[in-house]
Each structure stands twice: as C-alpha cells, then as structure tokens.
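Each step along the sequence shown adds one to the number in the numbering used here, with nothing skipped, and position 162 is 163. Below you'll find the structure, written out as structure tokens, and then a few comments.
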Amino acid sequence: MKKINFLYQFHGKKIIVFAFLFNSIFVFSQIQKELVLGEQPIYKVAKTKDSIIADGKMDEPSWKNAEIRTFDYFFRRDKPADEQKTKFRMLWDDKNLYLFYEFEDSSLTARETQHDGRTYLDDCAEFFCLPIPDSLNMHFGFEVNIPKVKYDYIVLWQFHNNRSVFIPTYDPNYEVGVTYDGTINDDTDTDKCWTMEYTIPLSAFRGFSTRDLAGKKWAFQAVRQDRNLVDDKFRSTSTLFPTYDVELDVHPPNRFGLMEFIDN
C-alpha cells in the first residue's frame, strides 16, 4: 500500500499532528462491519513481577503465565509451505508492555538496514496498538526485522480518499532482542526458527492514559511478515486477529482485537 508521510514544522521543532481528535465514522460492507465494544476477541495479558530483559530468550518465570496464541489467519501466500507457524505471548507491568514472538522459518531473510525503512518486506514482527478499547482510526505501529532494524510510526488509517497516512517521525525508545537458528539471506540452506522479544515503555503511547491499567482494555493487532527468498519481494503475511478484507491491508483498526490487563 502506498504510504504518505506528513511532518509539521513549528518554530524549528517537529510536531506530530494527531488526527485522532476527530474519530471519523466510515461506512463498511457486511464483510468490513465495524466491531463495537463487546464483540472483539480478547487476549488476557498477565502481569509480571519479574525484571524482563529483551534478549529473545524468554528466560523469566513469568513467561510461563502468559497466554499463548497462534497466528492462524494467512493471506498473500503462494503455497501451503508459506503458512509457517507463529506463537505469540504478552506480559505487562506498571512501566512496560512485553511481547514475545516465536517463528518457525525455513528461510531467514532480511535486507533492510535503514531505520524507518521497509522492514515489512523482510522477515518481520509487527505490533499495532491503540490504547483505548475502541476503533479510533489511528494507531501506533512497531515493525522490526531479524537484524533489529526498526520502523515505528503513527498511522492515520484511511485519512483522506481512503488512503492512510504514516508518520515516521514517531521514534519511541523501546528495546528488542532476537535469537535465530539458521543463516540470514542464504537461499542454499534450510533454516529452523527465530524469536523476537519487545519491551515497549507505556510512555511510548503518547497522549493516552497508561496508569492503573488492571482491568482495562486496549485494541491491538500482531502481525508476521514472512519473506523466504532474498531476491524476491514476495512475502506471506499472518495475523493474530482476522482482517477480513485483505485488500485493505493489515492496518484497519476496526478489526483489531483487545488486550485485557490482568492483575494476577
């Protein structure tokens, strides 16, 4: 999908202009019916007392308490072999969100080296989050490939003429750890797997309340991009929650599920 980048300059400082003050109402077909509160699937996020280190190893005991979900919704695939397995876990505490992805992968591929580049064309773990339990037409996006190259942004979905605006000047400070079993960018061998672990400070979700989260719900989507040939831009895509209309890509926030913060 073609992307447009907006940057507003004011007195020499970069100011992000948020359009989420205006929650536009869109008319969808039956396939794209907008979810309302109570209809979204829910992932229950357990609270951790451990000090989580983003190293891609899931060593901390609290990960045993995390709900395990698989990515069962696939599109942009050529053959059954493109449906490689993914497991997803999430934890939280009063300062951070913690994400853990486990990917089966027979071909580790990642060529993007520039921050805010096209990491989504590589083997890539993505996370979209809207810190309210509703379908406001914006969200925060995090996309990181195996070499830990980051593309982070705010997206205003279908902002004008059904085109979405991506604001890459959003550069939050978050940590990512990766492990992998195989060789990156070598089509001559067969690889096995890779993992990615995120630590995202709650302060990264600017403009939203992040205090006293126990019992609250946020909207989110988790996505995998899976590229299996170094010199081919094709990649398959899988998601935690269904997107229903793949022509609109993986970003429509009205199709996000919910995370519910559990204080266990």
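C-beta atoms are modelled at their ideal positions from N, C-alpha and C, and glycine is treated no differently.
For residue i, the first and last residue of its enclosing beta strand (DSSP E)
{"i": "G142", "result": "139-146"}
{"i": "M91", "result": "87-93"}
{"i": "G208", "result": "Counting along the chain, G208 falls outside any beta strand (DSSP E), and DSSP gives it neither H nor E."}
{"i": "I168", "result": "164-168"}
{"i": "Y74", "result": "74-76"}
Between the CA atoms of residue j and residue i - distance to the nearest angstrom
{"i": "D199", "j": "G216", "result": "Rather than Asp, the amino acid found at residue 199 in this sequence is Tyr. For Y199 and G216, the distance between alpha carbons rounds to 22 Å."}
{"i": "A126", "j": "T180", "result": "13 Å"}
{"i": "E113", "j": "V231", "result": "11 Å"}
{"i": "I69", "j": "P243", "result": "17 Å"}
{"i": "L241", "j": "I53", "result": "23 Å"}
{"i": "P253", "j": "K218", "result": "18 Å"}
{"i": "E40", "j": "K149", "result": "35 Å"}
{"i": "S204", "j": "K96", "result": "8 Å"}
{"i": "T87", "j": "V224", "result": "10 Å"}
{"i": "F23", "j": "F167", "result": "Note that F23 scores 32 on pLDDT, short of 50, meaning its location in the model is unreliable; the coordinates nonetheless yield the value given after this. Roughly 17 Å between the two C-alpha positions."}
{"i": "M197", "j": "Q115", "result": "19 Å"}
{"i": "D83", "j": "S237", "result": "6 Å"}
{"i": "A235", "j": "I185", "result": "A quick correction: the sequence has Phe, not Ala, at residue 235. Approximately 17 Å, taken between the alpha carbons."}
{"i": "T49", "j": "F75", "result": "31 Å"}
{"i": "M260", "j": "D51", "result": "20 Å"}
{"i": "Y152", "j": "H161", "result": "23 Å"}
{"i": "T191", "j": "Y121", "result": "22 Å"}
{"i": "G57", "j": "Q222", "result": "20 Å"}
{"i": "R256", "j": "F206", "result": "20 Å"}
{"i": "R119", "j": "Y171", "result": "16 Å"}
{"i": "I263", "j": "N229", "result": "37 Å"}
{"i": "A55", "j": "D233", "result": "31 Å"}
{"i": "D187", "j": "N163", "result": "39 Å"}
Beta-bridge pairing of residue i - partner residues as DSSP gives them
{"i": "T200", "result": "Y99, E176"}
{"i": "K151", "result": "V145"}
{"i": "S63", "result": "DSSP output for S63 lists no bridge partner at all."}
{"i": "S237", "result": "D227"}
{"i": "E105", "result": "C194"}
{"i": "Q222", "result": "F129"}
{"i": "A47", "result": "L92, I263"}
{"i": "D182", "result": "C194"}
{"i": "H161", "result": "R164"}
Residue from the options with nearest C-alpha to residue i
{"i": "M59", "options": "N97, F101, P243, V166", "result": "F101"}
{"i": "G258", "options": "E105, W158, N186, A220", "result": "A220"}
{"i": "S165", "options": "I155, Y171, P173, R212", "result": "I155"}
{"i": "F209", "options": "D264, M260, H140", "result": "H140"}
{"i": "W195", "options": "F104, L137, E176, S108", "result": "F104"}
{"i": "P132", "options": "T170, R212, V224", "result": "R212"}
{"i": "T110", "options": "T189, F143, M91", "result": "T189"}
{"i": "G142", "options": "P134, D135, F129", "result": "F129"}
{"i": "E61", "options": "D233, Y99, N163", "result": "Y99"}
{"i": "S239", "options": "T71, D233, A55", "result": "T71"}
{"i": "V251", "options": "E144, D187, D233", "result": "E144"}
{"i": "E176", "options": "R90, P202, V46, A47", "result": "P202"}
Assumed close pair residue i, residue j - CB separation to whole angstroms, cut-off 8 Å
{"i": "K193", "j": "G183", "result": "6 Å"}
{"i": "D227", "j": "D106", "result": "7 Å"}
{"i": "D117", "j": "I147", "result": "Rounded, the Cβ-Cβ distance is 17 Å, inconsistent with contact."}
{"i": "N174", "j": "W158", "result": "With a Cβ gap of about 25 Å, N174 and W158 do not count as contacting."}
{"i": "W93", "j": "L214", "result": "7 Å"}
Near the ligand NAP: residue i beta-carbon under 8 Å from a heavy atom
{"i": "P169", "result": "Looking at this structure, you won't find the ligand NAP or any other ligand, since it has none at all."}
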